[in-house]
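Engineer:
2 protein chains.
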Amino acid sequence: MSFLDHIHACNRWDPTDFLPFMLDGERLGMLRLAFADELRQWPDRFRVEPDRVVWVGAPDGFEARTAALRETTDALLQQGIISHLHGEQYPVTPGCRRDGRLLIDRACAPYFGVSAFGQHMNGFVRSAEGIKMWVARRSADRRVFPLYLDNLVAGGLPWGIGLADNLRKECTEEADIPAALADRAVPVSAVSYCCDSSRGLKPDVMYCYDLELPEGFEPHNTDGEVSAFYLWSVQQVMETVRDSSEFKLNCNLVIIDFLVRHGIIDPDDPDYLPIVQGLRSPLAKINSGQ
Amino acid sequence: MSFLDHIHACNRWDPTDFLPFMLDGERLGMLRLAFADELRQWPDRFRVEPDRVVWVGAPDGFEARTAALRETTDALLQQGIISHLHGEQYPVTPGCRRDGRLLIDRACAPYFGVSAFGQHMNGFVRSAEGIKMWVARRSADRRVFPLYLDNLVAGGLPWGIGLADNLRKECTEEADIPAALADRAVPVSAVSYCCDSSRGLKPDVMYCYDLELPEGFEPHNTDGEVSAFYLWSVQQVMETVRDSSEFKLNCNLVIIDFLVRHGIIDPDDPDYLPIVQGLRSPLAKINSGQ
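Protein sequences, first through last, are from chains A and B.
Each position in the first sequence, counted from 1, maps to that position plus 5 in my numbering.
Each position in the second sequence, counted from 1, maps to that position plus 5 in my numbering.
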């Protein structure tokens, strides 16, 4: 394993397996060919062309479009084509999160290949022995990546809540970090990637934060999503990321970004430039850019 | 002006104006069409094809290739096609700096469109009023961007010197920063861009460093390249970058990267993702990546 291997693992997809999902001339996502075929059952709603799928039957307006797509995803859920709903609403956007054209259930986002936005926070301590990082172990009952290692705090960004409020909420739920402390978190970068998954395509964006914690602070999980926390030296974190697959796939990228920004991965690493550039994938640039 | 405007200004070039410069099947650079035409005077050395220029007459070996290209650039200098020499040798590489296939004079690099590597250091102070940054004013006699604002320390990376040694040397020459203090500089990122210039193409890479300086420290220039230093609040630096063109073109990008990493530009900025992604240009990725 290497740092670049993790970046490549988060950017593994074949464009020929997907068709752009278009609305009003904008690309909102990418549909796997087999999933696009399922949409042929509604020829009045979706026009499946050789190089794209056009949502021709979309009503006007944010609310009406949300309801219309919900009707489609409910039907696909009943047919067993969509596996489950998550319950949180995500924006479907041709670009930034704020440019949502309608909402979609979080669990349905990959089927339509729409960008999901999240927040990941590195919790670290400056000690006499150097930087230490808090690492979380995911609970055994998590639907994805059970028992894998995770960032101290990480969560999706549902529609209708601001970045600061959502981070505060996640800090409370996941690690019992008081709001006053959570508010000291510094937004430091964004990592984007594009990955083929069992449900479809994930062209996702993670807003990254650093929170320097006092040496005496100990996180406690309050929502059942975390089974344990560890305070490791940054060297141990670096080696675990570099040499293993113990971390949830995309958390590796957040930590690699941390290691670069703190000079732990330095420019004498022959992979330095591909690492720095690889943390922001080009497709996400098209999809989540302007 | 905006942050993105500066990023776009450093990534302005038209691929149809340039031809790949090939050696042994590797692309080493990009030649402006008019410059490629000048190479037709040596048909035994360079084969100018519709979609590329192949260096067919290259001898074997690093030293011999360096000497052969030097012969060509000397002739072009005498013909007035190349304006001047700089005196420092840069690697000509299909990828990383260490993969140099031969050397070229620093001033000739843009004519051949080969990547130039440099180091830029943000010098900053944490004070009771927040972060302050040291800003340099370039001397009136600098060949490029005289009297523009600059990073506290910035310099090219000649062949044959390591990153730490070169940064220490630049810190001494440009700001009289003692080696023990310079060694505390943290490598934090790399910024790449690709820009059309009067001499040719600049697909360049800047390794970025942060050095936190004690409040009492004052830089002094020792090599005549800087006419003044200012200690500004990070807000003043941010506004100057965002709203003006007072900084040397590529220094804007180094400061924008600093502002992102320190949370001064935050994800509520609608341009956040294009900014973060735009600091690492795709062409430099092809040219400087693996």
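Here a beta-carbon is modelled for each residue, glycine too, at the ideal position from N, C-alpha and C.
1. Using the beta-carbon of each residue, which ones in chain A are nearer than 8 angstroms to B/R103?
2. Can you confirm whether A/D19, when its beta carbon is compared against all beta carbons of chain B, has any partner nearer than 8 angstroms?
3. Would you be able to state if there are at least three C-beta pairs under 8 angstroms between the segment 14-30 of chain A and the segment 193-200 of chain A?
4. With a cut-off of 8 angstroms, does the C-beta of A/S238 fall near any C-beta of chain B?
5. Pull up the CB-CB distance for A/D188 and A/R204, whole angstroms please, since I reckon it's below 8 angstroms.
6. Any beta carbon of chain B sitting closer than 8 angstroms to that of A/V265?
7. Name the one or two DSSP bridge partners that A/Q124 has.
8. For B/E54, which beta-bridge partners are listed by DSSP?
9. Within the chosen definition, does the segment 123-133 of chain B reach the segment 50-60 of chain B through at least 3 CB pairs nearer than 8 angstroms?
10. Would you kindly report the start and end of the unbroken beta strand (DSSP E) that includes A/A80?
11. Which of helix, strand or coil does DSSP assign to B/V97?
12. For A/M243 versus A/I280, is the C-beta distance shorter than 8 angstroms?
13. Identify each residue in the segment 162-194 of chain B for which the Cβ-Cβ distance to at least one residue of chain A is less than 7 angstroms, and report them in chain order.
14. How about B/Y116: is its C-beta nearer than 8 angstroms to some C-beta of chain A?
15. Using 8 angstroms as the Cβ pair cut-off and three pairs as the minimum, do the segment 161-176 of chain B and the segment 244-261 of chain B touch?
16. Under the rule that 16 or more other beta-carbon atoms within 10 Å means buried, what is A/Y235, buried or exposed?
17. Kindly indicate which residue of B/W47, B/D274, B/L74, B/M27 has the alpha-carbon position closest to the one of B/C94.
18. CA-CA distance, A/W139 and A/D22?
19. Is B/F117 helix, strand or coil when you go by DSSP?
20. For B/I109, which beta-bridge partners are listed by DSSP?
21. State the Cα-Cα distance for the pair B/P224 and B/L216, rounded to the nearest angstrom.
22. So, are the CB atoms of B/V149 and B/V119 less than 8 angstroms apart?
23. Short of 6 angstroms in beta carbon distance, which residues of its chain neighbour A/A41, apart from the five on each side in sequence? Order them along the chain.
24. With 8 angstroms as the threshold, decide whether the Cβ of B/Y212 is near any Cβ in chain A.
25. Where B/Q282 and A/L107 are concerned, what is the direct C-alpha to C-alpha distance, given to the nearest angstrom?
26. For the alpha helix (DSSP H) containing A/E244, list its first residue and its last residue.
27. Would a C-beta distance cut-off of 8 angstroms place B/A195 and B/Y212 closer than the cut-off?
28. Compute the distance between the beta-carbons of B/Q124 and B/N171, then report whether it is under 8 angstroms.
29. Would you kindly report the start and end of the unbroken alpha helix (DSSP H) that includes A/V140?
30. Taking the continuous beta strand (DSSP E) assigned at A/P279, which residues delimit it?
31. So is A/E68 buried or exposed if we call it buried at 16+ other beta carbons inside 10 Å?
32. When DSSP labels each residue in this structure, what does B/A195 get in the three-state scheme?
33. Is A/V259 helix, strand or coil by DSSP?
34. Which residues in chain B have a C-beta closer than 8 angstroms to the C-beta of A/G268? List them in chain order.
35. Say the cut is 7 angstroms; is the CB of A/G100 nearer than that to a heavy atom of the ligand ZN?
36. Can you give me the C-alpha to C-alpha distance between A/A184 and A/C176, rounded to a whole angstrom?
Structural biologist: Considering the structure as presented:
1. P275
2. no
3. yes
4. no
5. About 35 angstroms separates the two Cβ atoms, so there is no contact after all.
6. yes
7. A/G160, A/Y212
8. B/R57
9. no
10. A/A80 -> not in any beta strand (DSSP E); alpha helix (DSSP H) instead, spanning 67-83.
11. strand
12. no
13. L168, V191, P192, V193, S194
14. no
15. no
16. exposed
17. Looking at the sequence shown, residue 94 of chain B is not Cys but Gln. Closest by alpha carbon: B/L74.
18. 38 angstroms
19. helix
20. B/Y95
21. 13 angstroms
22. no
23. L24, V53, V58
24. yes
25. 25 angstroms
26. 239-248
27. yes
28. yes
29. Premise fails: A/V140 lies in the beta strand (DSSP E), 135-143, not in any alpha helix (DSSP H).
30. Taken as a continuous stretch (DSSP letters only), A/P279 belongs to no beta strand (DSSP E), being part of the alpha helix (DSSP H) at 277-283.
31. exposed
32. strand
33. helix
34. V191, P192, V193
35. Only the bare structure without any ligand can be found here, which leaves the ligand ZN out of the picture.
36. 8 angstroms
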